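Take a look at the structure below.
2 protein chains.
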Amino acid sequence: MQTASSEVVRHINRRIVLNLIRTRQPISRADLARASGMQRSTISLIVEELVNEHWVLEGPTGRPPRGRRPTFLRLNDDRVIIGVDIRPTQITVALADVNCKFTSQTVMATPSDPEVAVKSIIQHIQAIVRSCEKKKIEGIGITLPGRFHQDSNRLIFAPNLKWRDIDLRNPIAKATGLEVELENAASACVLATVWFNRLEACRNLVVVTVSEGIGTGILMNGQLARGLNNMAGEFGHVPLDPEGPLCTCGSRGCWEVFASNRAALRYYLESSRHGDGLGFQDLLSLADQGDTRAVKALDTMAHYLGRGMRMIVAGLAPERIIVIGDLTRSWHRFGPVIEAEVRAQVLPGGGVPVVVPEHEDGMARLRGTVALVLQKHFGTGATLAS
Amino acid sequence: MQTASSEVVRHINRRIVLNLIRTRQPISRADLARASGMQRSTISLIVEELVNEHWVLEGPTGRPPRGRRPTFLRLNDDRVIIGVDIRPTQITVALADVNCKFTSQTVMATPSDPEVAVKSIIQHIQAIVRSCEKKKIEGIGITLPGRFHQDSNRLIFAPNLKWRDIDLRNPIAKATGLEVELENAASACVLATVWFNRLEACRNLVVVTVSEGIGTGILMNGQLARGLNNMAGEFGHVPLDPEGPLCTCGSRGCWEVFASNRAALRYYLESSRHGDGLGFQDLLSLADQGDTRAVKALDTMAHYLGRGMRMIVAGLAPERIIVIGDLTRSWHRFGPVIEAEVRAQVLPGGGVPVVVPEHEDGMARLRGTVALVLQKHFGTGATLAS
DNA sequence: TCCATTTAGTACGAGAGTCGAACGAGATAT
DNA sequence: ATATCTCGTTCGACTCTCGTACTAAATGGA
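Note that the protein sequences, when read in sequence, are chains A and B.
Under the numbering used here, the final residue of the first sequence carries the number 657; numbering is consecutive throughout.
Under the numbering used here, the final residue of the second sequence carries the number 657; numbering is consecutive throughout.
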């Protein structure tokens with residue numbers, strides 16, 4: 272039972288102010304009042320609180336045509352966040368400030384033994400902690416290609432990462448004394464998009480990450496959809512063909528078996544004798560060089576990507592679908608095929624969702640870790656626009 | 272930009288109190304204080320307001336073992352709601368009080384001309400309005416097997432109802448002077464479930480309505496998922512087989528082509544010479560009488576129902592899936608098949624959603640209309656539990 | 001019968017918050 | 001110098017909850 276008292280009012284308004292400063296900095300108190308609709312006096316009180324808590328700094332003054340000069344406010348970038356992006360092949364540990372500017376970034380190969388990985392991650396984090404003694408570390412955000420159980424903190428589903436049933440949060444939290452937030456990679460990309468891509472107004476969007484597998488992150492009514500045991504978004508494991516090839520999840524014919532990077536490689540190998548140690552990037556290059564079999568393989572992958580997205584278009588009717596993965600480099604190849612499928616799914620009268628590729632994959636996840644940690648203070652990013 | 276002031280606090284707490292009275296009536300002020308965590312004094316003030324506005328009535332006193340007798344509070348059932356349930360074959364116009372007790376109900380055949388239908392609905396409503404002069408009518412809630420566009424109020428997608436592009440809200444609102452709320456039938460069932468089935472704690476559920484077509488209503492994080500143009504929930508029109516039979520939506524091989532009542536009849540007709548004018552209910556009866564072809568047809572339908580639900584299980588991970596439709600009468604036939612498919616979809620570590628049939632279909636929609644109208648004052652039903 | 005005990009509901013002052021008007025600060029234009 | 005304009009602060013009014021004190025009403029025992 273969540274009853275409200277006066278402090279709740281302050282909490283709500285404080286979030287609004289903090290988010291306005293974040294998204295429009297540098298900004299003056301007067302402008303905050305105009306943007307939010309609150310009184311200048313109220314804004315002053317809230318800003319005073321934020322300055323005292325070192326969330327906000329007073330900056331230089333503006334130069335208006337007439338009248339007293341406004342004092343600009345901006346976020347204090349001495350508050351930093353440690354982000355960890357875990358992938359099947361590599362782990363990135365990075366440091367960013369509240370404005371999501373990354374100041375350091377280290378990459379390591381992913382150990383096959385999760386215990387070793389945890390130890391290694393802790394060492395990297397501790398090195399970062401030592402390097403920024405004068406700053407306030409807000410917390411650690413971790414994204415991973417899988418799901419974990421909220422209560423037990425155990426990794427429960429990460430077929431493309433071979434780890435199983437391990438607790439990532441507690442060991443890292445204990446070793447560093449910092450708060451640790453974990454999130455599925457696709458969901459983290461959703462957060463990153465809403466927070467840092469000026470998409471506050473978009474309250475229904477889906478991120479589709481395509482690599483070894485396919486993940487989807489769902490934003491609905493401005494909130495992340497988590498579902499039972501944090502498992503919402505596994506459209507990648509819906510069977511398109513129950514008789515299809517085996518999937519890493521144990522089932523058959525899942526969407527990701529037909530539409531992931533791995534699938535394209537399989538299509539290529541099926542149609543061609545050579546190309547055994549090939550990677551997906553190589554396949555993209557081959558297609559660009561005019562290898563018709565590579566083109567065909569990618570086309571098939573694109574077709575299936577679009578076909579799977581029909582579930583998302585029909586079932587969730589998002590305003591926007593964001594595609595992340597290596598394939599975005601050859602969007603001229605994938606975009607038209609996917610968009611045709613999506614348009615075919617739009618029912619009479621329905622709106623057509625915008626399908627956009629989001630390049631620079633790595634940063635999307637890392638930016639997600641920052642949002643993940645800051646969420647506690649700023650809200651879901653989309654909430655503020657409501 | 273939704274800033275908060277003191278009144279917001281009252282608004283929130285008032286909703287909590289109103290919902291507690293609704294769900295636990297009769298209840299005393301002291302019990303409200305205990306249940307909500309607010310002070311008795313605060314509760315008294317809020318209750319005074321609610322009594323003044325005729326939302327709440329003071330009832331008889333309780334008989335505790337010791338101490339002063341509590342005065343019980345209950346909702347004022349002189350506040351009534353008019354509910355309209357539009358279906359392809361029939362339209363029901365009903366009157367209910369705030370406790371969702373229905374006091375009258377009239378059924379009419381659905382006219383093929385939507386203009387005629389609107390006129391007819393208005394007449395029925397006006398008859399009801401005349402019949403309850405001493406009561407306060409809160410509004411009109413309408414559910415329909417389709418979608419409408421929020422801004423233009425036009426019906427944009429209702430393949431099983433033959434109407435197209437008509438404005439239902441404004442004519443009825445103008446003729447009656449009452450507020451009109453429209454909602455898709457499956458979404459209305461979601462509201463009804465959360466409001467009246469003691470499922471306040473369930474924040475992620477999906478309702479699947481099976482009749483001529485298949486509709487789904489989605490509750491996520493305690494909120495109805497609406498999506499772009501109110502189209503979220505059309506899983507029924509995702510193609511399971513792009514080469515399959517034509518669907519009313521214009522596409523091919525949609526889920527509902529394989530798993531609706533109509534699909535079962537088609538399976539039966541394909542396997543049997545006779546049975547031309549058969550309805551779905553007849554098919555259920557034939558199966559009960561031991562007609563193996565009918566059993567087979569229903570089994571196929573059940574299989575496909577389960578297969579389509581895999582999209583929902585994987586993509587949304589709901590805690591609960593509620594199935595509504597004539598098929599619930601023969602749940603012993605459908606339940607096991609559907610549940611097997613659903614369990615097959617649950618990924619390692621994921622939770623198993625509860626699949627339950629909800630009988631008495633008609634009432635689910637009508638109860639939804641009541642929730643629809645009262646939402647404005649009580650909130651989403653699930654919100655209060657948060 | 002009277003009084004202690006217990007529970008329900010109310011009264012009232014304190015505290016937190018926002019609003020809005022008035023005021024002071026600082027800059028420009030006349 | 002003075003008028004004007006804008007930014008930021010101060011202060012009293014208003015709203016709302018909390019917590020304590022108080023009143024109301026019932027039971028049970030002396």
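Built from N, CA and C at the ideal position, the CB exists for glycine as well.
No experiment lies behind these values; they were computed from the predicted model shown.
Query raised in the report: So, does the CB of residue 362 of chain A fall closer than 8 Å to a CB anywhere in chain B?
Result: What you label residue 362 of chain A is simply residue 91 of the first sequence in a count that begins at 1. Answer no: the Cβ-Cβ gap between residue 362 of chain A and chain B never drops below 8 Å.
Query - Cross-chain neighbours of residue 506 of chain B in chain A, by beta carbon under 8 Å - result: Here the question's residue 506 of chain B lines up with position 235 in the second sequence. Under the 8 Å cutoff, chain A gives 582, 585, 586.
Report task. Classify residue 525 of chain A as helix, strand or coil using the three-state DSSP reduction. Result -> To locate residue 525 of chain A, count along the first sequence from 1; it is residue 254. Reduced to three states, the DSSP call for residue 525 of chain A is strand.
Query raised in the report: When Cβ atoms are compared, which residues of the region 306 to 322 of chain B fall closer than 9 Å to chain A?
Result: 306, 307, 308, 309, 313
Query raised in the report: Helix, strand or coil for residue 407 of chain A per DSSP?
Result: In the first sequence, the residue the question calls residue 407 of chain A occupies position 136. Reduced to three states, the DSSP call for residue 407 of chain A is strand.
Requested in this report: Have a look at B:477, B:533, B:649 and flag the residue whose alpha-carbon is nearest the alpha-carbon of residue 568 of chain B.
Outcome: Your numbering for residue 568 of chain B matches position 297 in the second sequence. Checked all of B:477, B:533, B:649; the closest Cα to residue 568 of chain B is B:533.
**Report entry** CB contact below 8 Å: residue 258 of chain A versus chain B
**Finding:** The structure shown does not extend to residue 258 of chain A, since chain A is modelled only from 272 through 657, so no value can be given for it.
**Report entry** Whether residue 458 of chain A touches residue 517 of chain A by CB criterion (8 Å)
**Finding:** Indexing the first sequence from 1 puts residue 458 of chain A at position 187. Indexing the first sequence from 1 puts residue 517 of chain A at position 246. In this structure, residue 517 of chain A does not lie closer than 8 Å to residue 458 of chain A by Cβ.
Query raised in the report: Using a beta-carbon distance below 8 Å, is residue 239 of chain B in contact with chain A?
Result: Any answer about residue 239 of chain B is impossible in this case: the structure gives chain B only from 272 up to 657.
Requested in this report: Identify whether residue 562 of chain A lies in helix, strand or coil by the three-state DSSP scheme.
Outcome: Start at 1 with the first residue of the first sequence, and residue 562 of chain A comes out as number 291. Looking at residue 562 of chain A - three-state DSSP - the assignment turns out to be coil, as it is neither helix nor strand.
Query raised in the report: Where are the alpha helix (DSSP H) runs, 4 residues long or more, that stay fully inside the region 307 to 334 of chain B, in chain order?
Result: 311 to 323
Query raised in the report: In this structure, does DSSP put residue 365 of chain A in helix, strand or coil?
Result: Looking up residue 365 of chain A in the first sequence gives position 94. In this structure, residue 365 of chain A counts as strand in the three-state DSSP scheme.
Report task. Return the residue from the list A:481, A:357, A:503 that minimises the CA-CA distance to residue 527 of chain A. Result -> Position 256 of the first sequence, counting from 1, holds the residue named residue 527 of chain A. When each option's Cα is compared against that of residue 527 of chain A, the closest is A:481.
Report task. Would you mind sorting residue 581 of chain A into buried or exposed? The rule is 16 or more other CB atoms within 10 Å of its CB. Result -> Against the first sequence, residue 581 of chain A aligns to sequence position 310. So residue 581 of chain A counts as buried.
Query raised in the report: Which whole-angstrom value describes the C-beta separation of residue 604 of chain B and residue 558 of chain B, a residue pair presumed to lie in contact below a C-beta threshold of 8 Å?
Result: Your numbering for residue 604 of chain B matches position 333 in the second sequence. Your numbering for residue 558 of chain B matches position 287 in the second sequence. Sure, about 7 Å apart at Cβ, within 8 Å.
Query raised in the report: Any chance the region 341 to 355 of chain B sits against the region 288 to 295 of chain B, with 3 or more Cβ pairs inside 8 Å?
Result: yes
Query raised in the report: What does residue 342 of chain B reach in chain A if we use C-beta pairs closer than 9 Å?
Result: Numbered from its first residue, the second sequence carries residue 342 of chain B at position 71. What residue 342 of chain B touches in chain A: nothing, since even the nearest Cβ is about 22 Å away.
**Report entry** CB contact check: residue 634 of chain B to chain A, cutoff 8 Å
**Finding:** Counting from one through the second sequence, the residue named residue 634 of chain B turns up at place 363. Not closer than 8 Å to any Cβ of chain A, the Cβ of residue 634 of chain B fails to qualify, so no.
**Report entry** Nearest to residue 328 of chain B (by Cα), restricted to the options B:390, B:511, B:339, B:300
**Finding:** Translated into the one-based positions of the second sequence, residue 328 of chain B becomes position 57. Per the Cα distances, B:300.
Requested in this report: Verify whether the separation of the beta carbon atoms of residue 479 of chain B and residue 393 of chain B is less than 8 Å.
Outcome: Locating residue 479 of chain B in the second sequence gives position 208, where the first residue counts as 1. Locating residue 393 of chain B in the second sequence gives position 122, where the first residue counts as 1. Not in contact: residue 479 of chain B and residue 393 of chain B (Cβ atoms no closer than 8 Å).
Query raised in the report: Between the beta-carbon of residue 439 of chain A and the beta-carbon of residue 453 of chain A, is there less than 8 Å?
Result: Locating residue 439 of chain A in the first sequence gives position 168, where the first residue counts as 1. Locating residue 453 of chain A in the first sequence gives position 182, where the first residue counts as 1. For residue 439 of chain A and residue 453 of chain A, yes; Cβs fall inside 8 Å.
Query raised in the report: Nearest chain B C-beta to residue 353 of chain A closer than 8 Å, yes or no?
Result: Taking the first residue of the first sequence as position 1, residue 353 of chain A is located at position 82. Residue 353 of chain A does not count as touching chain B.
Query - N- and C-terminal bounds of the alpha helix (DSSP H) containing residue 291 of chain A - result: Within the first sequence, residue 291 of chain A is the residue found at index 20, counting from 1. Element bounds for residue 291 of chain A: 277 to 295.
Query raised in the report: Could you give the residue range of the beta strand (DSSP E) that holds residue 223 of chain B?
Result: No answer is possible for residue 223 of chain B: it lies beyond the span of chain B, which begins at 272 and ends at 657.
Query raised in the report: So residue 274 of chain A and residue 524 of chain B are in contact, right, with Cβ under 8 Å, and what is the actual spacing, rounded?
Result: In the first sequence, counting from the first residue as 1, residue 274 of chain A sits at position 3. In the second sequence, counting from the first residue as 1, residue 524 of chain B sits at position 253. That belief does not hold up - the Cβ atoms of residue 274 of chain A and residue 524 of chain B are roughly 51 Å apart, past 8 Å.
Requested in this report: Ignore the nearest five residues each way along the sequence and tell me which others in residue 304 of chain A's own chain have a CB closer than 7 Å to its CB.
Outcome: Along the first sequence, one-based indexing puts residue 304 of chain A at 33. Only 310, 311, 314 meet the Cβ criterion.
Query raised in the report: Which residues in the same chain as residue 655 of chain B place their Cβ atom closer than 7 Å to its Cβ, once the five residues preceding and following it in sequence are excluded?
Result: Working through the second sequence from its first residue, we reach residue 655 of chain B at position 384. The predicted model places residue 655 of chain B with a pLDDT of 44, which falls under 50 and marks its position as unreliable, so this point remains unresolved.
Query raised in the report: Using a C-beta cutoff of 8 Å, does residue 275 of chain A count as contacting chain B?
Result: Position 4 of the first sequence holds residue 275 of chain A. By this cut-off, residue 275 of chain A is an interface position.
Query raised in the report: What is the DSSP secondary structure of residue 274 of chain B, counted as helix, strand or coil?
Result: The residue labelled residue 274 of chain B in the question sits at position 3 within the second sequence. Here residue 274 of chain B sits in coil by DSSP.
Query raised in the report: Does DSSP classify residue 586 of chain A as helix, strand or coil?
Result: Residue mapping note: residue 586 of chain A aligns to position 315 of the first sequence, counting from 1. Reduced to three states, the DSSP call for residue 586 of chain A is helix.
Query raised in the report: Thinking C-beta only, is residue 639 of chain A closer than 8 Å to residue 611 of chain A?
Result: Against the first sequence, residue 611 of chain A aligns to sequence position 340. Against the first sequence, residue 639 of chain A aligns to sequence position 368. Not in contact: residue 611 of chain A and residue 639 of chain A (Cβ atoms no closer than 8 Å).
Query raised in the report: Can you name the start and end residues of the alpha helix (DSSP H) that residue 386 of chain A belongs to?
Result: On the first sequence, residue 386 of chain A is found 115 positions in, with the first residue counted as 1. Element bounds for residue 386 of chain A: 385 to 402.
Requested in this report: Tell me, to the nearest whole angstrom, how far the beta carbon of residue 371 of chain A is from that of residue 641 of chain A; I am working on the premise that it is less than 8 Å.
Outcome: Working through the first sequence from its first residue, we reach residue 371 of chain A at position 100. Working through the first sequence from its first residue, we reach residue 641 of chain A at position 370. Right, their Cβ atoms sit about 5 Å apart.
Requested in this report: With 8 Å as the limit, tell me which residues of the region 518 to 533 of chain A have their beta carbon closer than that to any beta carbon of chain B; keep them in chain order.
Outcome: 520, 521, 522
Report task. Would you mind listing the alpha helix (DSSP H) stretches within the region 472 to 553 of chain A that are 4+ residues and don't spill past its ends, in chain order? Result -> 526 to 530, 532 to 542
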